Amino acid sequence: MTRAELYAVLDRFLAALNARDPHALDWAPGAHHSENNVMLEIGDGVWGTIDRLGDYQLRFADVKSGQVGYFGTVIEPIEESAFTLRLAVNEAGQIAECEMLIVRQSDSGIKFENCRYWDKPILHREPEAPVSREEMVRLSNGYFDTLQRNDGTIHTKFHPDCNRVENGVQTTRNPDFAKIVPVSALGCEEQFRMGNYRYDDDLRARRFPLVDEERGLVLAFGFIDHSGRLREFQLTDGRTVKSPVLRPHSFYISELFKIDHGMIEQIEANFITVPYRMPSPWDAL
Numbered sequence: 001m002t003r004a005e006l007y008a009v010l011d012r013f014l015a016a017l018n019a020r021d022p023h024a025l026d027w028a029p030g031a032h033h034s035e036n037n038v039m040l041e042i043g044d045g046v047w048g049t050i051d052r053l054g055d056y057q058l059r060f061a062d063v064k065s066g067q068v069g070y071f072g073t074v075i076e077p078i079e080e081s082a083f084t085l086r087l088a089v090n091e092a093g094q095i096a097e098c099e100m101l102i103v104r105q106s107d108s109g110i111k112f113e114n115c116r117y118w119d120k121p122i123l124h125r126e127p128e129a130p131v132s133r134e135e136m137v138r139l140s141n142g143y144f145d146t147l148q149r150n151d152g153t154i155h156t157k158f159h160p161d162c163n164r165v166e167n168g169v170q171t172t173r174n175p176d177f178a179k180i181v182p183v184s185a186l187g188c189e190e191q192f193r194m195g196n197y198r199y200d201d202d203l204r205a206r207r208f209p210l211v212d213e214e215r216g217l218v219l220a221f222g223f224i225d226h227s228g229r230l231r232e233f234q235l236t237d238g239r240t241v242k243s244p245v246l247r248p249h250s251f252y253i254s255e256l257f258k259i260d261h262g263m264i265e266q267i268e269a270n271f272i273t274v275p276y277r278m279p280s281p282w283d284a285l
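When the letters of the sequence shown are read in order and numbered with UniProt numbering, they come out as residues 1 to 285.
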């Protein structure tokens, strides 16, 4: 399918979600539909609770795999929540897969204060020096390798100005958030060279279903498992710090990587807390 055709399917989906009307859409026979890592019947979950979509809209598409993605927000009675959406569309233009991640802070094991959702021009522009689809996935997977049991070793390439936004909060070069997570005052690579995320035991069930080659974007899903066993650890500068993770749990994550000149330039991430070692229903398909 073309980008325009994929965006048209996305537009119809968003309009139907806004209207709480899943039956307005053309679903493929046996279509798979998940919300927050659980397979649901079409029409269940957010379809019954959404008041409206928020203003933030970031869309991207993979014409080779017939998939379209979206980062935005959904507004329900209690709160506005960060929202990731992935749709897989078959040759007949029907929705075969729908994967949604909704960061409801009222349910979250880790709460992000003062969330805001804003447009980032870097995610819209075409790359100046694009790399192959395979290299884009390799660099994205290298980010997860760097994060897993983070000891200061870098397994990918970061642009010097790389920034990361998680659940509506910038967690790099953000002195305000550094009051909560001290390394948040640093850039992407500097954080990882400190070995700050040693408590991330396993980056599991990694998937890279959507690669927007024209825009230099890779959408990834997976889990960060935390055993909670690590009480203290040493940063690469010699300081000993206490782990903020002291119980078994996992994060179900969606991450969007912007890649240009063979480097990660920007990261947009949404994640929620789920039971420790929770499996992905998508792995069984």
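Cβ coordinates follow ideal geometry from the N, Cα and C atoms, glycine included. This structure is a prediction, so every number in the text was calculated from the model and none was measured.
Nearest to residue i by alpha carbon, out of the options?
{"i": "E35", "options": "A28, W47 and P29", "result": "W47"}
{"i": "A96", "options": "A28, R3, L285 and V9", "result": "A28"}
{"i": "D260", "options": "S65, E128 and A16", "result": "E128"}
{"i": "P22", "options": "V38, T2, L6 and D44", "result": "D44"}
{"i": "Q67", "options": "A220, G152, R86 and A178", "result": "R86"}
{"i": "L10", "options": "I122, Y70 and P279", "result": "Y70"}
{"i": "S81", "options": "R215, R20 and V103", "result": "V103"}
{"i": "E91", "options": "D283, S65 and F83", "result": "S65"}
{"i": "N114", "options": "I180, H249 and Q266", "result": "I180"}
{"i": "A284", "options": "R3, A4, N37 and R20", "result": "N37"}
{"i": "P248", "options": "R231, S227, R193 and I267", "result": "S227"}
{"i": "D202", "options": "F223, Q191 and V165", "result": "F223"}
{"i": "F60", "options": "T236, E232, L186 and F257", "result": "F257"}
Look at the Cβ atom of residue i, then the Cβ atom of residue j, and state whether they are nearer than 8 Å.
{"i": "H155", "j": "I264", "result": "no"}
{"i": "N141", "j": "G195", "result": "no"}
{"i": "A31", "j": "A24", "result": "no"}
{"i": "F112", "j": "G54", "result": "no"}
{"i": "L147", "j": "V89", "result": "no"}
{"i": "D51", "j": "I75", "result": "yes"}
{"i": "V165", "j": "A269", "result": "yes"}
{"i": "D119", "j": "V211", "result": "no"}
Where do the N-terminal and C-terminal ends of the beta strand (DSSP E) with residue i fall, by residue?
{"i": "R206", "result": "D202 to D212"}
{"i": "C98", "result": "I95 to V103"}
{"i": "L217", "result": "L217 to H226"}
DSSP puts residue i in a beta bridge; with which residues?
{"i": "Q266", "result": "N163 and K258"}
{"i": "T240", "result": "Q234"}
{"i": "V89", "result": "I95"}
Spatial neighbours of residue i within its chain, please: C-beta separation below 7 Å, excluding the five flanking residues on both sides.
{"i": "L40", "result": "H33 and S34"}
Please work out which residues of its chain come closer than 6 Å, Cβ to Cβ, to residue i, disregarding the five sequence neighbours upstream and downstream, and give them in chain order.
{"i": "A220", "result": "S140, F208 and E255"}
{"i": "N174", "result": "S184"}
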